[in-house]
Amino acid sequence: EKGGYETFMEKEIHEQPHAVRDTLLGRTDEDGQLILDDMRISEEELAAVDRIYVVACGTASYAGMTAKYAIEHWTRIPVEVSLAHEFRYCDPIVDERTLVVSISQSGETMDTLMAVKHARELGARTLSICNTHGSTIPRESDAVLYTHAGPEIAVASTKAFVAQITACFVLGLYLAQLRGETYADDAKQVMAELHGVPDKLESLLGTMDRVEEIARFMADSRAVLFLGRHVGYPIAMEGALKLKELAYIHAEGFAAGELKHGPIALIEPGQPVFVVVPGPDTPHELHKKVVSNIQEIRARGARTLVIAEEGDEDVVPFADEVIRVPHTSPLLQPLLTVVPLQVFALHLSTAKGLDVDQPRNLAKSVTVE
Ligand code: BG6
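Just add 250 to the spot in the sequence shown (first one is 1) and you have UniProt numbering.
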């Protein structure tokens, strides 16, 4: 049942190319127009949406944070990501032109379900991105966009995460198309690039031996920090979450630009820091800025574990380790950069002799508030 792998998590990490491919399947018609499943919201209603809330918990919330950059860029609709259990208590600004997008692998997370119900009471349109057919959250929503990651058994989410990001991209492109011609070409180009991601994931997964080795050497780490900027920021937080969940190591993800406003005080000789580096073609010189963050922490003795695109030589002088990912356009990078962080947490947990699939105190789906 584990398909020759030691753990479900390892199997599921290797199923990520399929998760992305299957989630994209059947999403475009012969004219290249995007199609969604189960739409009980009219196109007119969707075209009128002027605000989006994403509600989710844990890894699913990081998928939402990642997607925010893409959806806002393509649609120009403001997107707010709210932890589902905070949503009801923040007096959210919601009306019938608000689309509340819930993201949940199980479709049963009580916190997320309650947020969806609250959104409906306030008159919002609700759309569920979910991996489990027939589960409660899709049933309680006006529309559904299923991720096709297949059943996820390991408590820590991996393949559902990349599928959720993919589904959010499909949704963003669909909304962009509804809102006007100017985005149509963009949508086709992004879809074409998305279809190329599974092959890139496949080749990336074939290069993870060094990450496994690094994880083994780091089995007695007390704390690990993760830095990222732009779409790399939620990935830094996801990397930290994975390490907490699986290896019980104190871990924190930061926005790289925030470093100088506080977290740099944590850097002492030998402190391991993962840095997710934006691709060199990311706008606003973000690549250069993150490279100089690496330089700053290295100068203070940090052990820098750098995730960078193939061919990015600028990082080499300041990196103790360079972990390479294939090139993609900036918004799609998270689908690749998250992989080494998943693999790292998996092998560190294994090296500590822990139960990878069933970490202590956690449940796959939390059906209480
Ligand atoms: C948590 C799980 O309790 O629920 C996480 O441990 C998961 O791995 C989160 O990300 C949300 O779950 P779901 O099913 O709503 O995506």
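Even glycine gets a Cβ: it sits at the ideal position worked out from N, Cα and C.
* To do: Verify the contact flag: Q592, CB atom, against every heavy atom of ligand 1, threshold strictly below 7 Å.
  => no
* Please check the pair Y396 and V350, which I expect to be a contact at CB under 8 Å, by giving their CB distance rounded to whole angstroms. => Wrong, their Cβ atoms sit about 17 Å apart, outside the cutoff.
* To do: In angstroms with no decimal places, state the Cα-to-Cα distance between E280 and V394.
  => 22 Å
* Test item: CB-CB of A306 and A269 under 8 Å -> no
* **Distance between E358 and M612 (C-alpha atoms, nearest Å)** => Checking the sequence shown, residue 612 turns out to be Leu, not Met. Roughly 15 Å between the two C-alpha positions.
* Cβ distance (whole Å) where V366 is taken to contact E390 below 8 Å -> 5 Å
* Run of the alpha helix (DSSP H) containing Y319, from where it starts to where it stops -> G308 to T325
* Sequence-distant residues of its chain with Cβ nearer than 7 Å to Q414 (five each side left out) -> A310, A313, I353, I379 and T397
* To do: Can you tell me which of D449, E336, H537 and D435 puts its alpha carbon nearest to the alpha carbon of G308?
  => E336
* To do: Label E260 either buried or exposed according to how many other C-beta atoms from any shown protein chain fall within 10 Å of its C-beta, with 16 as the threshold for buried.
  => buried
* **Candidates S471, M487 and D470: closest to G478 by CA position** => M487
* Asked: F594 lies in the alpha helix (DSSP H); which residues open and close that run?
  -> P584 to A601
* To do: Jot down the residue ranges of each uninterrupted alpha helix (DSSP H) in the UniProt domain "SIS" (292–431), minimum 4 residues, whole runs only, in chain order.
  => 293–297, 308–325, 334–337, 360–371, 386–389 and 409–428
* Less than 8 Å separating the beta-carbons of A490 and F467? -> no
* To do: Go to A501, then tell me how far its beta strand (DSSP E) extends in each direction, as first and last residue.
  => H500 to A505
* **Of the listed residues V593, A501, V440 and I485, nearest to E463 (C-alpha basis)** => V593
* To do: Have a look at Y498 and T587 and give me their C-alpha separation to the nearest angstrom.
  => 22 Å
* Over the uninterrupted alpha helix (DSSP H) stretch that includes T273, give me the two end residues. => Q266 to L274
* Asked: Hey, K614 and S356 are a contact pair by Cβ (cut 8 Å); roughly how many whole angstroms apart?
  -> 7 Å
* When every heavy atom of ligand 1 is checked, does at least one fall within less than 7 Å of the C-beta of Q355? -> yes
* Asked: How long is the line joining the alpha carbons of M289 and S542, rounded to whole angstroms?
  -> 46 Å
* chain C contact for V572 (CB, 8 Å cutoff) -> No chain C appears in the structure shown, which is made up of a single protein chain.
* Limits of the beta strand (DSSP E) - the one that P522 falls within -> P522 to V526
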